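In terms of the UniProt record's numbering, the numbers along the sequence shown are unbroken and rise by one, the last being 88. Everything on this sheet refers to the single structure shown next.
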Amino acid sequence: MATILRIKAVKELTGLGRSSIYDKIKRNEFPPPISLGPRAVGWLVSDLDSWIKAQAASSPRHVAWHADQSGDFETKGSKTGRKGPACR
């Protein structure tokens, strides 16, 4: 059985606000909701997981981390100068 999240949980999961979610849906940049009834919609967790993974894979920090085979480089903006992976 598929798990469905309502807007409050989607906002918490993604860190996006309601307006941002619906703006991204209009631009085909976010999974569309499914109808749960006349006045209720929800999102499939599997669709949201796929979207989150795609966002992470295309983020500059994620790409830079995967591009460095050794994982031994300084993260930008590090105040400590410690070396480590860019994705924390």
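Positions of the beta carbon are idealized from the N, C-alpha and C atoms, including for glycine. Note that the structure is predicted; figures quoted are calculated from it, not measured.
Practice task
Go ahead and label P33 buried or exposed: buried means 16 or more other beta carbons lie within 10 angstroms of its beta carbon, across all protein chains shown.
Solution key: buried
Problem - Beta-bridge partners of I59, as assigned by DSSP - result: The question names Ile, yet the displayed sequence has Ser at residue 59. According to DSSP, S59 bridges with nothing at all.
Practice task
With DSSP collapsed to three states, give me the class of A9.
Solution key: DSSP places A9 in helix when its eight states are reduced to three.
Handout entry: Where the beta strand (DSSP E) through Y44 begins and ends
Key = According to the sequence displayed, residue 44 carries Leu and not Tyr. Start and end: 40 to 44.
Practice task
Please look up how many angstroms separate the CB atoms of V47 and P60, rounded, as I've assumed it's under 8 Å.
Solution key: The question names Val, yet the displayed sequence has Asp at residue 47. Wrong, their Cβ atoms sit about 24 Å apart, outside the cutoff.
Problem - Inter-residue spacing [alpha-carbon to alpha-carbon] between D23 and L44 - result: 18 Å
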